[in-house]
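Heads up: the sequence lines are chains A and B, in that order. The first sequence begins at 346 in the numbering used here and counts up one residue at a time. The second sequence begins at 346 in the numbering used here and counts up one residue at a time. C-beta: ideal position from N, C-alpha, C; glycine also. Values in this document were obtained by computation on a predicted structure and should not be read as measured data.
There are 2 protein chains.
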Amino acid sequence: MGALARLITMLENRASESSVILERIYPATGHAHVIGITGPPGAGKSTLVNRLIAKYRALGKSVAILAIDPSSPFSGGAVLGDRVRMTDHYKDSGVYIRSISTRGSHGGLSRATREIVKLLDAYGNDVIIIETVGVGQTELSIMDLADTTVVVTVPEGGDSVQVMKAGLNEIADVFVVNKADREGSDRMKAELEHNVHLRPAGGWRPPVVMTQAVADQGIDAVIAAIGKHREWLRQSRDGAREAERRTHEFIEVLTSELEERAERALKAGTVPDILARVKAGELNPYSAARRLIEDRDSIRELLQNGGPK
Amino acid sequence: MGALARLITMLENRASESSVILERIYPATGHAHVIGITGPPGAGKSTLVNRLIAKYRALGKSVAILAIDPSSPFSGGAVLGDRVRMTDHYKDSGVYIRSISTRGSHGGLSRATREIVKLLDAYGNDVIIIETVGVGQTELSIMDLADTTVVVTVPEGGDSVQVMKAGLNEIADVFVVNKADREGSDRMKAELEHNVHLRPAGGWRPPVVMTQAVADQGIDAVIAAIGKHREWLRQSRDGAREAERRTHEFIEVLTSELEERAERALKAGTVPDILARVKAGELNPYSAARRLIEDRDSIRELLQNGGPK
Chain A
346 MGALARLITM LENRASESSV ILERIYPATG HAHVIGITGP PGAGKSTLVN
396 RLIAKYRALG KSVAILAIDP SSPFSGGAVL GDRVRMTDHY KDSGVYIRSI
446 STRGSHGGLS RATREIVKLL DAYGNDVIII ETVGVGQTEL SIMDLADTTV
496 VVTVPEGGDS VQVMKAGLNE IADVFVVNKA DREGSDRMKA ELEHNVHLRP
546 AGGWRPPVVM TQAVADQGID AVIAAIGKHR EWLRQSRDGA REAERRTHEF
596 IEVLTSELEE RAERALKAGT VPDILARVKA GELNPYSAAR RLIEDRDSIR
646 ELLQNGGPK
Chain B
346 MGALARLITM LENRASESSV ILERIYPATG HAHVIGITGP PGAGKSTLVN
396 RLIAKYRALG KSVAILAIDP SSPFSGGAVL GDRVRMTDHY KDSGVYIRSI
446 STRGSHGGLS RATREIVKLL DAYGNDVIII ETVGVGQTEL SIMDLADTTV
496 VVTVPEGGDS VQVMKAGLNE IADVFVVNKA DREGSDRMKA ELEHNVHLRP
546 AGGWRPPVVM TQAVADQGID AVIAAIGKHR EWLRQSRDGA REAERRTHEF
596 IEVLTSELEE RAERALKAGT VPDILARVKA GELNPYSAAR RLIEDRDSIR
646 ELLQNGGPK
């Protein structure tokens with residue numbers, strides 16, 4: 346797995362070769378089922394992920410786990426501690442576990458995650474699990490990458506969970522009420538199911554699964570719910586939506602590539618004349634950007650200088 | 346204020362004229378002091394903002410307030426309800442209040458906020474207050490725009506506040522312990538002061554101010570702390586850091602401009618040939634992006650088509 350780890354590190358660090366790597370491996374992608382796991386801190390996501398890994402392994406599937414550690418001060422949650430518990434699976438060659446973290450830019454994390462998922466897919470993983478601590482736009486945009494999003498809640502979540510539920514409803518494909526032995530779990534389930542029935546008819550309606558991940562209970566039902574959603578995705582696939590998805594992905598790839606090339610070229614000190622004038626405060630950033638973009642050779646030089654070697 | 350409101354709406358909607366507007370008003374900027382107010386939901390930020398407005402008005406300063414309503418489902422907090430309380434100031438022509446919200450992209454919100462702040466600055470506002478509900482990377486990047494960041498906490502915040510404190514420490518220039526009549530406020534103040542003293546010597550050390558915003562107590566001390574920080578900024582300004590800041594701003598402006606132009610052009614259906622091949626699944630997004638970027642005329646056409654009319 347040495348080569349894979351090195352490639353992931355390159356993508357995580359947004360190396361200039363990233364787009365070349367992706368271009369090469371792209372044809373080998375499209376096989377994996379990508380499962381997003383999110384929910385408030387303390388809901389038991391990592392324990393659930395651990396159980397899911399074991400079940401998928403027992404079914405003969407290879408599994409990769411991407412744990413997103415947002416370095417945002419607001420994220421909370423003992424992510425590192427949770428990771429340690431996953432060591433159960435470290436010696437199984439059918440399980441690949443990797444934590445990735447933000448390096449400043451949130452856009453960078455989303456892009457890196459998207460590309461690392463493609464890479465894990467191209468490497469032949471059957472199941473790819475993305476786990477995030479569910480707070481913030483960055484984590485939401487990462488859940489966008491999942492084929493099936495599992496939202497994990499707990500009965501006693503109180504206020505904050507109430508607040509979050511409304512939004513989590515929109516992104517959930519499967520709800521898990523974990524720690525279901527605790528008081529309030531039936532009410533929680535009923536509430537979630539009520540909300541699910543407000544979704545438009547004809548579309549997917551997320552099942553609500555009760556689990557006690559610590560006691561290994563209810564995990565088969567989660568696996569079944571994920572499988573059912575995958576089957577539904579397969580059957581409801583249509584050409585127009587696929588074309589839409591591809592266009593969206595292309596815009597994302599193109600604009601991030603433009604952005605990253607420009608940033609690299611600027612950091613490397615290319616475009617010295619305009620930059621020197623900006624630094625000295627002689628030229629405002631908007632005038633400088635317009636001049637650079639509108640001059641055919643400047644923009645070309647900039648984008649090429651920021652590209653792969 | 347009709348013209349200002351219309352310009353803000355254009356920036357908020359990322360109209361293609363945005364960069365032209367900014368280029369024109371840029372020379373008139375640099376006068377305002379930008380104050381960021383953040384902290385967990387329920388800390389009393391809006392009440393505090395209300396009090397600060399009244400004080401600054403009494404000092405003869407014009408004030409603009411930008412309330413960031415992240416449409417993120419995770420944000421929580423009764424932002425709209427809080428807004429209503431600000432109606433105290435709606436009839437004062439020296440106070441301009443505006444809520445702005447995300448429209449999908451988090452990068453878009455950061456950029457719009459940055460530019461709206463510039464606009465409010467160019468319009469002659471002495472003080473610009475940016476208020477966010479303090480969760481997530483988007484809000485963090487918005488606090489980056491402030492000259493002085495005020496972090497508002499409450500004694501009884503419990504766990505979540507404990508978790509958040511570590512990160513809030515890093516961005517705070519002034520701490521406010523609001524609802525200081527409640528139990529635990531002295532301990533909270535002591536903890537915050539302890540953390541402040543872990544900062545490197547010689548730099549700015551955030552004062553911790555106790556307030557009861559509802560009772561209008563401690564507000565003068567907040568104003569004084571903000572003023573002291575402003576003075577510190579003025580005295581510690583140096584040429585190298587200014588050049589660094591300008592370069593950083595230029596990269597942000599340039600890359601967002603590239604991104605937005607490309608996105609607009611693509612949405613308008615330019616580059617039909619490559620896009621058609623991507624839609625049909627004949628060309629993967631990475632190959633398509635590389636071809637587009639490496640072809641001199643394609644990239645030029647794309648960027649011009651996405652530019653202002």
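- In this structure, the alpha-carbon of residue 401 of chain A lies about 58 Å from that of residue 408 of chain B.
- Of all residues in the region 608-626 of chain B, the ones placed with a Cβ closer than 9 Å to any Cβ belonging to chain A are 608, 611, 612, 619, 620, 623, 624, 625 and 626, in chain order.
- By the Cβ neighbour-count rule, residue 518 of chain A is buried, with 16 or more other Cβ atoms within 10 Å of its own.
- Per DSSP, the unbroken alpha helix (DSSP H) holding residue 541 of chain B starts and ends at 530-541.
- Interface with chain B (8 Å Cβ-Cβ cutoff): residue 598 of chain A is included.
- For residue 635 of chain A, the C-beta contacts it makes with chain B under 7 Å involve 364 and 368, in order along the chain.
- About 12 Å separates the Cβ atoms of residue 356 of chain B and residue 467 of chain B, ruling out a contact at the 8 Å cut-off.
- Judged by beta-carbon spacing, residue 652 of chain B lies beyond the 8 Å limit of residue 438 of chain B, meaning their Cβ atoms are not closer than that value.
- For residue 557 of chain A, the pairing in a beta bridge is given by DSSP as A:562.
- Taken residue by residue, none of the region 526-552 of chain B has a beta-carbon sitting less than 8 Å from a beta-carbon on chain A.
- Per DSSP, the unbroken beta strand (DSSP E) holding residue 446 of chain A starts and ends at 440-446.
- Under the three-state reduction of DSSP output, residue 360 of chain B falls in the coil class, being neither helix nor strand.
- Inter-segment contact for the region 582-601 of chain B and the region 543-562 of chain B is absent: fewer than three beta-carbon pairs are separated by less than 8 Å.
- The region 372-386 of chain A makes contact with the region 488-500 of chain A: 3 or more CB pairs, one atom from each, lie closer than 8 Å.
- Using beta-carbon distances, residue 648 of chain A counts as an interface residue toward chain B, with a partner under 8 Å.
- Contact check for residue 563 of chain A against residue 553 of chain A fails: the beta carbons are separated by 8 Å or more.
- According to DSSP, residue 411 of chain B shares a beta bridge with B:443 and B:475.
- Excluding five sequence positions before and after residue 613 of chain B, the CB atoms of its chain that fall closer than 7 Å to its own CB belong to 650, given in chain order.
- Under the DSSP assignment, residue 593 of chain B falls in the alpha helix (DSSP H) whose first and last residues are 584-612.
- With contact defined as three or more Cβ pairs closer than 8 Å, the region 620-631 of chain A and the region 580-593 of chain B are in contact.
- Between the alpha carbons of residue 533 of chain A and residue 488 of chain A lies a distance of about 23 Å.
- In this structure, residue 470 of chain A keeps its C-beta atom at 8 Å or more from the C-beta atom of residue 569 of chain A.
- Following the DSSP letters along the chain, one finds residue 493 of chain A in no alpha helix (DSSP H) but inside the beta strand (DSSP E) bounded by residues 493-498.
- Going by beta carbons, residue 364 of chain B and residue 602 of chain B fall inside the 8 Å limit.
- In this structure residue 490 of chain A is buried. Its beta-carbon is surrounded by 16 or more other beta-carbon atoms within 10 angstroms.
- For residue 644 of chain A, the chain B residues whose C-beta falls within less than 9 Å of its own C-beta are 603, 644, 645 and 648, listed in chain order.
- The contact set of residue 358 of chain A on chain B, defined by CB atoms closer than 9 Å, is empty, because the minimum CB distance reaches about 18 Å.
- The three-state reading of DSSP puts residue 376 of chain B in coil, since its state is none of H, G, I, E or B.
- Residue 574 of chain A counts as buried, since at least 16 other C-beta atoms from the protein chains shown sit within 10 angstroms of its C-beta.
- In this structure, residue 551 of chain A and residue 530 of chain A do not form a Cβ contact; the two beta carbons are roughly 17 Å apart against a cut-off of 8 Å.
- Think of a sphere of 9 Å around the beta carbon of residue 476 of chain A: no beta carbon from chain B falls inside it, the nearest being about 16 Å out.
- When rounded, the separation of the alpha-carbon atoms in residue 625 of chain B and residue 638 of chain B is 20 Å.
- Here DSSP, grouped into helix, strand and coil, assigns residue 384 of chain B to coil.
- Against chain A, the beta carbon of residue 371 of chain B has neighbours under 9 Å at 629, 630, 631 and 632, listed in chain order.
- The C-beta distance from residue 413 of chain A to residue 476 of chain A rounds to 7 Å, short enough to meet the 8 Å contact threshold.
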